[in-house]
Every structure is written in structure tokens, then in C-alpha cells.
Amino acid sequence: MTSKPKVQTTAGTKATSFTPAGPLTGRITVPGDKSISHRSLILSSLAVGKSQITGLLEGEDVLATAAALRAMGATIEKSDDTWTVHGVGVGGLMQPDTAIDLGNSGTSVRLLMGLVASHDISVTFTGDASLSKRPMGRVIEPLSTMGAEFTARMSSDGKACLPLTVRGLCPAVPMEYRLPVASAQVKSAILIAGLNTPGVTRVIEPVLTRDHSETMLKGFGADLTVETDKDGSRIISLTGEAELSPQKIKVPGDPSSAAFPVVAALLVPGSDIVVENVGINPTRAGLFTVLQKMGGDISFKKKRTVGGEPVADIHVKHSKLTGIDVPADIAPSMIDEFPILFIAAALAEGTTITGGLSELRVKESDRLSQMAAGLSLLGVDVTEREDGLIITGNGELIPGGKKNAAIETALDHRIAMSFAVAGLVTKKGATVDDMSPTETSFPGFADMLTALQDSTK
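If you read the sequence shown in the numbering used here, its first letter stands for residue 1, the second for the next number, and so on.
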């Protein structure tokens with residue numbers, strides 16, 4: 001590999017180029033887990049008293065959740081590395097003065113829809129152009145059954161989108177709901193609504209999704225049980241009109257963020273890195289399992305439990321990867337990591353087949369189409385299917401496309417970071433049209449790549 005500039009921003013534009021520049025080495029940390037950060041703020045705001053949070057992800061998405069909770073009465077402050085939340089208690093939310101802008105955060109709007117649904121307030125949520133295209137029907141359906149009323153803008157294809165107004169009902173109606181599609185956000189929205197709902201709210205989950213909500217609800221003192229029925233479905237029961245106790249929370253590093261340096265180290269020859277203090281909850285660790293099956297040298301050191309969540313340091317060395325058929329049932333445990341897996345597949349020897357990923361079409365962008373288009377631009381053999389991609393690699397550097405042709409990210413942070421990593425293993429480098437969306441989940445991402453490269457000098 002040459003020693004070209006690693007990260008270079010094109011003057012007068014938002015485009016950034018990433019090129020090969022030697023092995024990645026060193027020890028790093030990644031930002032706090034986004035899912036846990038959102039939930040820690042929400043549940044702390046519903047507790048009575050003072051909660052303290054360290055390791056909170058200070059990306060735009062989580063800050064949008066904090067601002068929304070302040071608008072509804074919670075006191076949220078930061079001092080040094082600690083966030084302090086003075087909660088209003090379950091049922092204590094206040095009517096906000098204006099509409100709440102949640103930027104690009106789908107997690108914020110879906111969880112907060114559940115929060116408002118069982119309170120006697122009316123809240124209008126807005127967002128940026130990308131968030132305003134994302135469908136909200138799968139959350140509206142169960143929350144409407146609990147008694148909340150929704151007014152939403154209808155898209156050209158008849159889907160309910162932002163701007164959206166939620167009129168909560170108090171007391172709301174408890175219910176039993178079987179998730180038609182695996183979705184931790186829908187599950188969590190219902191459980192959060194159930195906190196201020198008399199009786200038992202029950203969610204039946206046929207396919208296991210990330211379980212941070214259940215773990216954290218128990219930690220705050222909610223009366224919640226999880227059982228498994230004879231067909232393997234999880235039955236989550238929450239007794240409402242809860243009283244939550246304030247907590248001290250330490251947020252581990254986000255495995256979805258760790259995915260990018262992990263894959264980069266696997267792909268760049270000579271690399272040897274450690275990503276410290278990463279959450280390895282089994283409902284989130286699917287990518288690491290898949291990469292190991294592809295031949296990735298990934299090991300977990302200093303395994304421990306922090307705040308009920310399993311945590312470890314991840315040691316990664318450059319590896320020769322082989323394409324595999326990725327089982328569809330692993331998708332819920334790595335749904336946000338498929339974009340970076342596609343980059344790994346492009347450098348693997350042989351064919352990688354993925355399916356069961358229709359959920360990726362309704363993320364911050366249509367991630368299947370965006371990744372297929374970007375990979376094609378770089379000369380990768382990729383076939384787009386309705387629910388997945390088929391990628392054939394030759395085990396060598398990605399060919400690279402037309403010089404200076406920028407890959408379109410559609411304002412999607414995971415698309416941007418995935419092609420930044422691709423630039424490190426592409427013969428001609430890769431130019432990403434806009435890296436600013438990475439601030440939603442991984443502030444300082446480009447600086448992290450540069451630090452790993454510079455540590456060899």
C-alpha cells in the first residue's frame with residue numbers, strides 16, 4: 001500500500017476521500033451505545049429523583065432525545081463526563097410548548113411515541129428530510145390499540161410519516177401484542193407506553209431482538225417478566241402504573257460503532273487493534289459471529305458485566321475472509337451492521353449471500369439500494385435482491401471506480417462510515433459525498449481512522 005493521505009476533504013464541498021495508508025494498530029474506544037443511551041435518558045426522566053449517566057453517546061440522535069425530554073419537563077444537565085437527570089415520575093410528563101424536532105433519529109421518534117401514548121398530553125414530532133420519509137405505521141398500530149390518537153402526513157405511497165402528532169390517553173388500555181416483524185423499537189415503544197397503563201401490557205416476540213429495554217426496565221424497578229412459550233417466542237409482561245427508582249448507569253461502547261474499526265482491521269493487511277469496553281450483548285453481537293465464520297481473527301478479552309450488560313475488549317487482527325451464506329435468522333442481532341458486512345464481503349474470497357433484510361429498506365435510507373449502488377461504483381460484483389445482496393469478492397483490494405466519483409450516502413451515517421472503510425482497501429481510494437451524518441452516532445469517526453493509521457509511525 002502507498003502512503004497517500006488517509007483522509008482528505010475536497011475544498012468547497014462536503015466530500016471526503018479515504019485512501020490506503022498502511023496497517024491499523026493501537027487501542028481505541030468507541031462512543032457509547034446508542035440504544036442504551038436513548039433508553040437511559042427516557043427511563044431516568046420517568047424515575048423520581050436523580051439519575052446519573054456516564055459514557056452517554058453525545059451524538060446528534062441522543063441529544064435530540066435529551067432535548068425532547070427537557071421540553072416535556074425533565075431536567076437534564078451535563079457536568080464533566082456525567083449526565084444528571086432529575087425525573088418527573090411515570091405519568092408526570094408536561095405538555096411541550098412547541099413541536100419537537102428529532103432531526104434524523106428514528107429511534108427517538110419511535111420510543112417517544114410510546115412515551116407520549118399513555119400520558120395526557122399532545123405532542124407533534126418533526127424531523128429532517130430523511131426522517132420524514134421513514135414509515136411510522138408499525139408503531140402507530142399497537143399504540144392506537146392502547147388508545148393513543150395519531151395525525152400524520154401521508155406519503156405518496158400511503159405510509160404515515162412525520163410530521164406526526166400523538167395525543168396520548170390516560171389511563172391507556174393494556175393489551176397483548178404479537179410483533180408481526182422483529183423490531184426492538186416497536187417492542188420498546190409498547191413497553192414504555194405500558195409503564196403508565198394500568199394492568200398488564202404484554203408483548204410477544206417470535207424472533208429475539210435487542211433486549212436493552214427489558215434489562216434496563218428491570219434495573220429501574222419495573223415489574224417485568226420474560227417467559228418463553230412452547231414455540232420459542234418470548235413473552236414480555238409489564239405491570240403498569242410503575243414507580244421507577246433513579247439509577248447510576250455506565251453506558252458501554254456501541255457494538256454497532258465498533259463494527260467499523262473491527263472490519264477495517266480485518267481487511268487492512270498488517271492490522272492489529274483492540275477496541276475497548278464494547279457491549280457484547282448476544283442480541284447485538286451477530287456481526288462478530290458472522291465475521292468469525294468468514295475467517296475473521298476476533299477474540300474477546302476481559303469479559304465482564306456492567307450494569308447488567310456483558311462487556312469486553314475486542315482484539316482484531318488482519319484476516320483472509322471467505323464468503324458465506326449468512327443465515328437470515330441472525331439479522332435481528334446485526335441489522336445495523338449489514339452495510340459494513342457488505343464491505344467485508346467485497347474483499348472476501350468467494351460469494352456472500354444475504355437475505356431477510358427487507359427492514360434495511362426503511363432505515364435512514366434504503367440501505368440495500370445505497371450499498372449496491374456504491375459497491376457497483378467501486379467495481380464490486382453485486383446483485384441486489386428484494387431482501388438482500390449477493391456479493392462476490394476475489395480476496396483482493398476492491399478495484400475502485402471512476403476517479404473522484406463520489407459515493408452517495410443519502411444522509412445515512414452507516415453508509416458513509418462503511419464506504420470510508422472501503423476507501424482503505426480500494427485500489428483508487430473512495431470518495432464519500434458527505435461525512436457529516438456520522439455525527440449522529442460516531443462523532444470523530446474520521447479522526448479515529450487517522451489515529452489508528454498514525455499509531456504505526
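Glycine included, each C-beta is placed from N, C-alpha and C at the ideal position. Just so it is clear, the structure is predicted and the values come from calculations on it, not from any experiment.
Three-state class that DSSP yields for I330 in the structure shown
For the purposes of this step, residue 330 is identified with residue 330 of the sequence shown, where counting begins at 1. Helix at I330.
Exercise. Under three-state DSSP, which class holds D336?
Worked result: Counting from one through the sequence shown, the residue named residue 336 turns up at place 336. If DSSP states are grouped into helix, strand and coil, D336 belongs with the helices.
Between which two residues does the alpha helix (DSSP H) holding Q370 run? For the purposes of this step, residue 370 is identified with residue 370 of the sequence shown, where counting begins at 1. According to the DSSP assignment, Q370 belongs to the alpha helix (DSSP H) that extends over R367 to L377.
query = Helix, strand or coil: how does DSSP classify V90 here?
reply = Position 90 of the sequence shown holds residue 90. In the structure shown, the three-state DSSP call for V90 is coil.
Proximal residues to A64 (C-beta, below 6 Å), its chain only, five neighbours per side dropped:
On the sequence shown, residue 64 is found 64 positions in, with the first residue counted as 1. Excluding positions up to five away in sequence, the list reads L102, G103, S105 and S108.
At a cut of 8 Å, does the stretch 393-407 reach the stretch 358-367 through at least three beta carbon pairs?
-> Contact between the stretch 393-407 and the stretch 358-367 is absent: fewer than 3 CB-CB pairs across the two stretches fall below 8 Å.
### Task
Say whether the stretch 385-399 touches the stretch 337-356, bearing in mind that this needs 3 or more beta-carbon pairs closer than 8 Å, one atom from each stretch.
Of all C-beta pairs linking the stretch 385-399 to the stretch 337-356, three or more are shorter than 8 Å, placing the two stretches in contact.
### Query
According to DSSP, is S35 helix, strand or coil?
Reading the sequence shown from its first residue, position 35 is the one you call residue 35. It is helical.
| said: Taking CB distances under 7 Å as the criterion, tell me whether K187 reaches chain D. | reply: Among the chains of the structure shown, chain D does not appear; only one protein chain is present.
What does the alpha-carbon distance come out to for the pair L378 and L397?
As a first step, residue 378 must be located in the sequence shown, where it is residue number 378. As a first step, residue 397 must be located in the sequence shown, where it is residue number 397. Approximately 11 Å between the Cα atoms of the pair.
Next on the checklist: Taking the straight line between their C-alpha atoms, what separation do you get for T145 and D433?
Outcome noted: Indexing the sequence shown from 1 puts residue 145 at position 145. Indexing the sequence shown from 1 puts residue 433 at position 433. Approximately 43 Å between the Cα atoms of the pair.
What did DSSP end up calling G194 once you bin it into helix, strand or coil?
-> Mapped onto the sequence shown, residue 194 falls at position 194. The three-state secondary structure of G194, taken from DSSP, is helix.
For this session: Helix, strand or coil for V139, going by three-state DSSP, please let me know.
Result: Locating residue 139 in the sequence shown gives position 139, where the first residue counts as 1. V139 falls in the helix class under three-state DSSP.
Worksheet entry | Those residues which DSSP pairs with E384 across a bridge | Position 384 of the sequence shown holds residue 384. According to DSSP, E384 bridges with L389.
**Request:** Tell whether a beta-carbon distance below 7 Å holds between S271 and P23.
**Result:** Numbered from 1 along the sequence shown, position 271 holds the residue referred to as residue 271. Numbered from 1 along the sequence shown, position 23 holds the residue referred to as residue 23. Yes, these two residues count as a Cβ contact at 7 Å.
Residues near T215 by beta carbon distance below 6 Å, same chain, minus five either side:
Position 215 of the sequence shown holds residue 215. So the qualifying residues of the chain are G308.
Item to complete: Check whether the Cβ atoms of V203 and I190 sit closer than 7 Å, and answer yes or no.
Response: If you number the sequence shown from 1, residue 203 lands on position 203. If you number the sequence shown from 1, residue 190 lands on position 190. V203 is a Cβ neighbour of I190, given a cutoff of 7 Å.
message = Considering only the alpha carbon of each residue, which of V166, M136, I273 and A331 lies closest to E149?
response = As a position in the sequence shown, residue 149 is number 149, starting the count at 1. Among V166, M136, I273 and A331, the Cα nearest to that of E149 is on V166.
Below 8 Å on the Cβ atoms is my contact criterion, and I expect L46 with L244 to pass it. Report the Cβ-Cβ distance as a whole number of Å. The sequence position of residue 46 within the sequence shown is 46, counting from 1. The sequence position of residue 244 within the sequence shown is 244, counting from 1. About 5 Å separates the two Cβ atoms, so the contact holds.
With DSSP run on the structure shown, which of helix, strand or coil describes F288? Position 288 of the sequence shown, counted from the first residue, corresponds to residue 288. F288 falls in the helix class under three-state DSSP.
**Message:** I need the DSSP call for L112, collapsed to helix, strand or coil.
**Reply:** One-based indexing of the sequence shown puts residue 112 at position 112. Secondary structure at L112: helix, using DSSP grouped into helix, strand and coil.
task = Verify whether the separation of the beta carbon atoms of A265 and I340 is less than 7 Å.
result = As a working note, residue 265 is residue 265 in the sequence shown. As a working note, residue 340 is residue 340 in the sequence shown. Cβ atoms of A265 and I340: not closer than 7 Å.
Given V268, which residues of its chain have a CB within under 7 Å of its CB, disregarding the five upstream and five downstream residues? In the sequence shown, residue 268 corresponds to position 268, counting from 1. Non-local C-beta neighbours of V268 in its own chain, meaning closer than 7 Å and more than five positions away in sequence, comprise P23, L24, H318, L424 and V425, ordered along the chain.
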